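Chains as they are written, first to last, in this note's numbering: chain A, 1 to 257; chain B, 1001 to 1360.
Shown next, in the form of structure tokens:
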């Protein structure tokens, strides 16, 4: 089994006259929490969208667990094994929490309309597996008791957790979290950190876009700093933190304490 | 818990008995009343079919009546002398006319409507909301205009005159077009159709319910709620939407077959835009995506106008004929719709707030 989960070389994306990403290389190892940081407009979300197939890249090669993939269709990428959450939470609001997670199982299950209408044995077994797995994942992220609540009725922090549970349900090789701590208060951030830690300890790999420097530096095994679509630093957080280019572009001079 | 379950059982059994004897209770007042509930049952089927497209997958379809029309014409063509009169080949091959079993025709109609549903769905995949509504509305009209004009140069649909002398349904040796005399009881034709339609409605509800609680049903609802998130979860939204269009359309096709057999006559007039809008209104007014709500919406919107037709008479007399029954009827329905939408914006009987109960 390949140790490298995601390998991106030379990823580029241009919007008209704006080079949103130029020649970005990233390598993420199994079991890592990998941080992607940078000031607003640096190209973090663009990179995310390119990676997950929402935007078609202008160039670059993409490899997931040793298998080359083309990020051209979002659902194909999810099937290949990258699950994501969204910066502005996108849940299935009128469905219950457990149904949200059950949708995440769709891509790993197979029953069709006929199976559903005739309730075949295969269908029933699969349905049971889906429901159990979903309930398990809800408990895993800590919102098991809200299973039958509609997603939109959950609190903000719980909605974030539900999104993570839904992403986990697709059995991803890589979980990509787009600013999961945005809008969270201090307590929620601590809890989120614990959750991400737990997910990593279960030998899953996480790509994290985050603004909260403390969270990123404390949590990530490696980071890439983007500025104006270019990678300006890469490596272990403690080293990157001291990089003069990073300090100038992002952290600010007063940060070295 | 147990008592409520038992109460539910009792209510259910009472409803079942009532549904079984309903035609006998209504028959003394005249066959027209049974006819009304027959039509209501057909509309329930249509509304449930559209509910798959609009309620589950969230695709606003204003041309749904086109599939009803397709089903009706498939049966009309296969079960009336029309094709034999106009095409020598068919007259030679089927000297006694084409009279396929109703099961075959139903399958053909469901298939044709389903395929056309997918064909019409394909170009609209990238459209949403109002844009989708406008395009589907156009498709609905196109089908109707085709039916209206396909009497030249080759007479296929018989144009505005429509198809006549369509066979009634024949099942298990029973001709639904004639009263059935069992010796001790005489069941009118309209009542026979009532039982057939009731059976089909029950089957439709059963299928819808099972689909709703399945992998595909959940995927449709996910698309309705947030298409981008659905894609990011690995859902192939293109195929799923086409499946919803096809599935919904085939229900429309089957009810069309029943409509043609029941009336014995079809013409393009029955499939106007107004019909499509009424079916959408049934789904929305009843409760999008909630089967009992949709059934209720169909009962009210299909039944109420007919009941009002009877009730409006006295009111017209009261006002010395200044209020024509037709106007009064439309006025009352419009009023009812406005009041419902103001007081219950999520429909008369929407999906319950907290999913299922929290106690397990």
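Think of the CB as a built atom: it goes at the ideal place given N, C-alpha and C, for glycine as much as any other residue.
Note that the structure is a prediction, hence the values are computed from the model and not measured.
Contact set for residue i: own chain, Cβ-Cβ below 8 Å, skip 5 residues either direction
i, result
"residue 123 of chain A", "111, 115, 116"
"residue 1231 of chain B", "1237"
"residue 1114 of chain B", "1246, 1247, 1249, 1250, 1253"
"residue 94 of chain A", "150, 151, 152"
"residue 1072 of chain B", "1256, 1257, 1259, 1260, 1266, 1270, 1271"
Proximal residues to residue i (C-beta, below 7 Å), its chain only, five neighbours per side dropped
i, result
"residue 38 of chain A", "44, 225, 226, 227, 250"
"residue 1358 of chain B", "Because residue 1358 of chain B carries a pLDDT of 43, less than 50, the predicted location of this residue cannot be relied on, and no value is offered for it."
"residue 1262 of chain B", "1038, 1193"
"residue 239 of chain A", "none"
"residue 1069 of chain B", "1143, 1144, 1147, 1256, 1271"
"residue 101 of chain A", "134, 137, 138, 165, 166, 169"
"residue 1191 of chain B", "1023, 1027, 1034"
"residue 1303 of chain B", "1036, 1040"
"residue 181 of chain A", "189, 192, 210, 212, 215"
Distance between residue j and residue i (C-alpha atoms, nearest Å)
i, j, result
"residue 1176 of chain B", "residue 1189 of chain B", "6 Å"
"residue 12 of chain A", "residue 51 of chain A", "11 Å"
"residue 245 of chain A", "residue 232 of chain A", "7 Å"
"residue 1006 of chain B", "residue 1290 of chain B", "23 Å"
"residue 222 of chain A", "residue 90 of chain A", "27 Å"
"residue 1264 of chain B", "residue 144 of chain A", "57 Å"
"residue 1227 of chain B", "residue 1018 of chain B", "43 Å"
"residue 22 of chain A", "residue 104 of chain A", "32 Å"
"residue 1139 of chain B", "residue 1301 of chain B", "24 Å"
"residue 83 of chain A", "residue 1109 of chain B", "41 Å"
"residue 1004 of chain B", "residue 146 of chain A", "24 Å"
"residue 142 of chain A", "residue 1048 of chain B", "38 Å"
"residue 1150 of chain B", "residue 1164 of chain B", "16 Å"
"residue 257 of chain A", "residue 191 of chain A", "For residue 257 of chain A, the predicted model reports a pLDDT of 43, less than 50, meaning its position is unreliable and no value from the coordinates is stated."
"residue 24 of chain A", "residue 7 of chain A", "11 Å"
"residue 1173 of chain B", "residue 1102 of chain B", "12 Å"
"residue 1315 of chain B", "residue 1008 of chain B", "39 Å"
"residue 1207 of chain B", "residue 1180 of chain B", "30 Å"
"residue 1242 of chain B", "residue 92 of chain A", "20 Å"
"residue 1287 of chain B", "residue 1343 of chain B", "13 Å"
"residue 186 of chain A", "residue 219 of chain A", "15 Å"
"residue 189 of chain A", "residue 214 of chain A", "10 Å"
"residue 162 of chain A", "residue 97 of chain A", "7 Å"
"residue 1182 of chain B", "residue 1171 of chain B", "16 Å"
"residue 14 of chain A", "residue 236 of chain A", "29 Å"
Nearest to residue i (by Cα), restricted to the options the options
i, options, result
"residue 1159 of chain B", "B:1165, B:1146, B:1170", "B:1146"
"residue 155 of chain A", "A:175, A:184, A:53, A:139", "A:184"
"residue 1167 of chain B", "B:1074, B:1185, B:1151", "B:1074"
"residue 1063 of chain B", "B:1212, B:1128, B:1164, B:1277", "B:1277"
"residue 46 of chain A", "A:237, A:65, A:178", "A:178"
"residue 31 of chain A", "A:199, A:48, A:216", "A:199"
"residue 1100 of chain B", "B:1169, B:1352, B:1240, B:1086", "B:1169"
"residue 1222 of chain B", "B:1235, B:1211, B:1210", "B:1235"
"residue 81 of chain A", "A:63, A:97, A:87", "A:63"
"residue 1330 of chain B", "B:1127, B:1133, B:1274, B:1137", "B:1274"
"residue 1211 of chain B", "B:1339, B:1131, B:1053, B:1186", "B:1053"
"residue 241 of chain A", "A:230, A:36, A:69", "A:36"
"residue 1104 of chain B", "B:1079, B:1094, B:1121", "B:1079"
"residue 1345 of chain B", "B:1285, B:1292, B:1016", "B:1285"
"residue 1187 of chain B", "B:1095, B:1136, B:1031", "B:1031"
"residue 1059 of chain B", "B:1015, B:1098, B:1137, B:1076", "B:1137"
Chain-order list of residues whose beta-carbon lies under 6 Å from that of residue i (same chain, five-residue window excluded)
i, result
"residue 1051 of chain B", "1283, 1294"
"residue 234 of chain A", "224"
"residue 61 of chain A", "9"
"residue 69 of chain A", "62, 80"
"residue 1312 of chain B", "1325, 1328, 1329"
Inside the segment 149 to 187 of chain A only - alpha helix (DSSP H) runs reaching at least 4 residues: Fully enclosed alpha helix (DSSP H) runs of 4 or longer: 156 to 168.
At least 3 beta-carbon pairs within less than 8 Å: the segment 1016 to 1026 of chain B vs the segment 1074 to 1090 of chain B: Counting Cβ pairs under 8 Å, fewer than three are found: no touch.
Segment contact flag, the segment 1033 to 1050 of chain B with the segment 1184 to 1198 of chain B, C-beta cutoff 8 Å, min 3 pairs: Yes: the two stretches touch, three or more of their Cβ pairs being nearer than 8 Å.
Alpha helix (DSSP H) runs wholly inside the segment 79 to 112 of chain A, at least 4 long, in chain order: Counting only runs of at least 4 residues, the segment 79 to 112 of chain A fully encloses the following alpha helix (DSSP H) elements, listed from N- to C-terminal order: 97 to 104.
Inside the segment 25 to 88 of chain A only - beta strand (DSSP E) runs reaching at least 3 residues: You should have 33 to 37, 59 to 64, 82 to 84.
Length at least 4, wholly inside the segment 1224 to 1261 of chain B: the alpha helix (DSSP H) runs in chain order: As far as the segment 1224 to 1261 of chain B is concerned, its whole alpha helix (DSSP H) runs of at least 4 residues are 1227 to 1232.
Segment contact flag, the segment 126 to 136 of chain A with the segment 66 to 80 of chain A, C-beta cutoff 8 Å, min 3 pairs: The count of Cβ pairs closer than 8 Å, one atom from the segment 126 to 136 of chain A and one from the segment 66 to 80 of chain A, stays below three, leaving the stretches out of contact.
Uninterrupted alpha helix (DSSP H) stretches inside the segment 1035 to 1109 of chain B (no shorter than 4 residues): The segment 1035 to 1109 of chain B contains these whole alpha helix (DSSP H) runs: 1065 to 1078, 1082 to 1086, 1088 to 1093.
The segment 1330 to 1343 of chain B contacting the segment 1314 to 1322 of chain B, beta-carbon criterion three pairs below 8 Å: Taking a cut-off of 8 Å for Cβ pairs, the segment 1330 to 1343 of chain B and the segment 1314 to 1322 of chain B do not touch, as fewer than three such pairs fall below it.
Selection of the segment 110 to 144 of chain A by Cβ proximity to chain E, strictly under 9 Å: Among the protein chains of the structure shown, namely A and B, there is no chain E.
Sufficient close CB pairs (3 or more, under 8 Å) joining the segment 205 to 214 of chain A to the segment 171 to 185 of chain A: Verdict: yes, contact present.
Length at least 4, wholly inside the segment 1001 to 1030 of chain B: the alpha helix (DSSP H) runs in chain order: Here the runs fully enclosed are 1002 to 1026.
Completely contained beta strand (DSSP E) runs for the segment 1151 to 1225 of chain B, where each covers 3 or more residues: The segment 1151 to 1225 of chain B contains no whole beta strand (DSSP E) run of 3 or more residues.
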